[in-house]
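For the sequence shown, the numbering used here begins at 48 and goes up steadily by one.
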Amino acid sequence: MNTSLQTRLFAAITAIGGYVPQNRRTNNDLEKVCDTSNEWIIKRTGIKERRILEEDLATSDMAVRAILNMVQAYNKDLQDIDALIVATSTPDMLMPATANIIAEKLGLKSVWAFDMNAACSGFLYALDMGASLIETKRYQNVLVVGADNISTYVNEQDRSTNILFGDGAGVVWLEASLEGGIMDAYLRSNGSGREFLNIEAGGSLYPLDKELMSSERRYLRQDGKAVFKQAVQSMSDACLHVLEKNNLTIDDVSWLVPHQANQRIIDAVGRSINIAEGKTLSNIEYLGNTIAATIPLCIWENIKRMKTGDLVMLTAFGAGFSWGASLLRWMA
Ligand code: COA
Numbered sequence: 048m049n050t051s052l053q054t055r056l057f058a059a060i061t062a063i064g065g066y067v068p069q070n071r072r073t074n075n076d077l078e079k080v081c082d083t084s085n086e087w088i089i090k091r092t093g094i095k096e097r098r099i100l101e102e103d104l105a106t107s108d109m110a111v112r113a114i115l116n117m118v119q120a121y122n123k124d125l126q127d128i129d130a131l132i133v134a135t136s137t138p139d140m141l142m143p144a145t146a147n148i149i150a151e152k153l154g155l156k157s158v159w160a161f162d163m164n165a166a167c168s169g170f171l172y173a174l175d176m177g178a179s180l181i182e183t184k185r186y187q188n189v190l191v192v193g194a195d196n197i198s199t200y201v202n203e204q205d206r207s208t209n210i211l212f213g214d215g216a217g218v219v220w221l222e223a224s225l226e227g228g229i230m231d232a233y234l235r236s237n238g239s240g241r242e243f244l245n246i247e248a249g250g251s252l253y254p255l256d257k258e259l260m261s262s263e264r265r266y267l268r269q270d271g272k273a274v275f276k277q278a279v280q281s282m283s284d285a286c287l288h289v290l291e292k293n294n295l296t297i298d299d300v301s302w303l304v305p306h307q308a309n310q311r312i313i314d315a316v317g318r319s320i321n322i323a324e325g326k327t328l329s330n331i332e333y334l335g336n337t338i339a340a341t342i343p344l345c346i347w348e349n350i351k352r353m354k355t356g357d358l359v360m361l362t363a364f365g366a367g368f369s370w371g372a373s374l375l376r377w378m379a
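Okay, structure coming up:
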């Protein structure tokens, strides 16, 4: 008998919160600024509207609101937090880390706070890092945030991107459990994908100057078709890999929570892994792609449907390329 399996300590999600800005950018708004139509956008992406953060606010403001929402809903004490991981590609500043800014805004004076940038896979990367901190028993209460103010980097007139992206933040609280929690994860990256999806300017390679400020290179740019194909393949492969490794079949999974990039991608992944109808969660219709926030926001909005003990598969794909899948037992 394998005794190490019997005494395994899991990192379980014990609370969850979210925040989306009030301002809506509808398909009709986009029809006014570029050559597109409400019908085309719905048919090709499934998106009707996205939320856009006020100009004088930043990623940390949404994250703080998501965390406060969670603390209030679950009656948690902020002072118990000993680590805060923030998955974001749109930090408030290049430095310090947005996690530091969030900790300061929450009045957390002695917390290990750091950022993780894995674009749309960021939440899954950060979740596995957070789970590892709990499993080592060095940290007892770990917050994992996925937050992005991506609208800052979307050219409002560019119909190849403006239809897809919106702002938001989601957060989960991780604690130790002997019953269940994060069971496994498979996370991968391939830097050769960077040419297909990136925000080129603003880093140390192409620092922003006057010329770059008015160039397309300061915005998110992508080869939509290449990204679409790779996203379906990578997320499907990652889910099947995790199932096989854990001797499970797709019928054991209660819920699939895929990254929300395009409803057609979500549907294609579902078909490819053969998940039963009604088990795939989606909120893309009214939020679009909120980058690192899509998965926690999607769980948060569907929380009433999840029962303790449900097996949940999360999967994501994003710039890098970065991708993966996580399997968890729902304990909240
Ligand atoms: N409105 C209206 N027409 C549009 C349009 C828009 N916003 N964008 C493209 N078109 C037109 C094209 O010009 C083309 O016209 P043509 O047939 O006359 O040449 C036609 O629609 C098809 O264009 P195409 O680029 O093939 O569309 P698509 O079905 O691939 O959809 C995306 C484009 C961007 C929605 C899709 O490729 C996608 O979602 N890709 C993945 C992006 C993604 O997920 N990125 C983030 C990853 S985390």
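Cβ coordinates follow ideal geometry from the N, Cα and C atoms, glycine included.
> Can you check whether the CB of G65 is closer than 8 Å to the CB of L287?
Replying inline: no
> Just to confirm, does W87 get its C-beta within under 7 Å of one of the non-hydrogen atoms of ligand 1?
Replying inline: yes
>> Going by DSSP in three states, S281 sits in which element: helix, strand or coil?
In response: helix
> Going straight from the alpha carbon of I197 to that of G228, what length do you get?
Replying inline: 30 Å
> Thinking C-alpha only, which one of I312, V189, D162 is nearest T106?
Replying inline: D162
>> Please classify Q204 as buried or exposed, where buried requires at least 16 neighbouring CB atoms within 10 angstroms.
In response: exposed
>> Need the endpoints of the beta strand (DSSP E) that Y233 sits in, please.
In response: In the DSSP assignment, Y233 falls within the beta strand (DSSP E) that extends over 229-236.
> Run through DSSP, which three-state label would M378 get?
Replying inline: coil
>> Please determine whether the Cβ atom of I210 lies at a distance below 7 Å from any heavy atom of ligand 1.
In response: Annotation for I210 indicates a beta carbon within 7 Å of some heavy atom of ligand 1.
>> Whether or not the region 64-78 and the region 297-313 are in contact is what I'm after, with contact meaning three or more pairs of Cβ atoms, one per stretch, closer than 8 Å; do they touch?
In response: Taking a cut-off of 8 Å on C-beta distances, the region 297-313 does not touch the region 64-78, as fewer than three cross pairs fall below it.
> Going along the chain, which residues of its own chain have a beta-carbon closer than 8 Å to the beta-carbon of L77, five neighbours each way excluded?
Replying inline: T83, I88, R206, N209, I210
>> Quick check on the DSSP output: the alpha helix (DSSP H) that includes T106 runs from which residue to which?
In response: 106-121
> From L174 to T73, what distance separates their C-alpha atoms?
Replying inline: For L174 and T73, the distance between alpha carbons rounds to 31 Å.
>> Assuming contact is defined by CB atoms lying nearer than 8 Å, are K152 and V111 in contact in what I supplied?
In response: yes
> Could you check where the beta strand (DSSP E) with P305 kicks off and where it finishes?
Replying inline: 302-305
>> Please report the straight-line C-alpha distance between A166 and M117, rounded to a whole angstrom.
In response: Going by the C-alpha atoms only, they are around 23 Å apart.
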